Amino acid sequence: MNKGEFLTRFSIWVTLAGYFIGAALLALSRKKPNLEPKARLAWTIGCLSLLIHVVCAYQFYHHWSQDSVYRETSRQTAEVIGLEWGGGVYFNYALIVCWVLDVAWWQRGPEGYRRRSALLNVMWQAFLMFMIFNATVVFKTGALRFIGLVLCLFLCWLWWYAAAASSSKPDTVIT
30 MNKGEFLTRF SIWVTLAGYF IGAALLALSR KKPNLEPKAR LAWTIGCLSL
80 LIHVVCAYQF YHHWSQDSVY RETSRQTAEV IGLEWGGGVY FNYALIVCWV
130 LDVAWWQRGP EGYRRRSALL NVMWQAFLMF MIFNATVVFK TGALRFIGLV
180 LCLFLCWLWW YAAAASSSKP DTVIT
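Numbering (our numbering), first residue to last: 30 to 204.
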């Protein structure tokens, strides 16, 4: 494995760890507020690592060519679902922009972040889960697929558990 491949793969593993740890701690922080700073740190590390991953992928795999990224996305999509379409890359770009904005919001004002709309939280977490599930379960094979499936199922269960545990509190925002 060369340096570029290592950096690209390592950065996505850190991204996934930041996502899963951050989302899990965020769910648990509704009952244990002292976990929120740790959740925010993991969430921020995950987001920053995603930015590093994108830079590495563009540098070492696509040589800064959007056409190369689109073609590779199209090839992978055709291989997995039989549809030759590269537009999924734009969902990746949306995820990047939204995650950066989410981290900025949380870093700027944790109190405001906590009070934001439950609907916004649910939509955001559902979009993230959709993207992570596709990245780790649908488009991967072997051990990574299994690990991704287990972590996604665990996180869904944890969100359900956190929501059920806080449903008796009318002022609680559920993520």
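Glycine included, every Cβ here is placed at the ideal spot set by N, Cα and C.
Since the model is a prediction, treat every value here as computed from it, not as a measurement.
Range covered by the alpha helix (DSSP H) that runs through residue i
i	result
residue 168	Looking at the DSSP string, residue 168 is not in any alpha helix (DSSP H), and its letter there is neither H nor E.
residue 78	65 to 85
residue 144	139 to 144
Three-state class that DSSP yields for residue i in the structure shown
i	result
residue 150	helix
residue 112	coil
residue 93	coil
residue 4	In the structure as shown, the chain begins at 30 and stops at 204. Residue 4 is therefore absent and cannot be evaluated.
residue 31	coil
residue 196	coil
Where residue i falls, given that 16 or more other Cβ within 10 Å makes a residue buried
i	result
residue 71	buried
residue 47	buried
residue 188	buried
residue 96	exposed
residue 109	exposed
8 Å Cβ shell around residue i - same chain, five flanking residues per side excluded
i	result
residue 135	69, 72, 73, 142
residue 107	113, 114
Residue-level contact to chain D via CB, residue i, 8 Å cutoff
i	result
residue 121	In the structure shown, chain D cannot be found, because there is only a single protein chain.
Same chain, Cβ closer than 7 Å to residue i, neighbours up to 5 away in sequence not counted
i	result
residue 173	165
Any chance the region 116 to 134 sits against the region 147 to 160, with 3 or more Cβ pairs inside 8 Å? yes
For the 8 Å Cβ check, are there 3 or more pairs between the region 81 to 89 and the region 182 to 194? no
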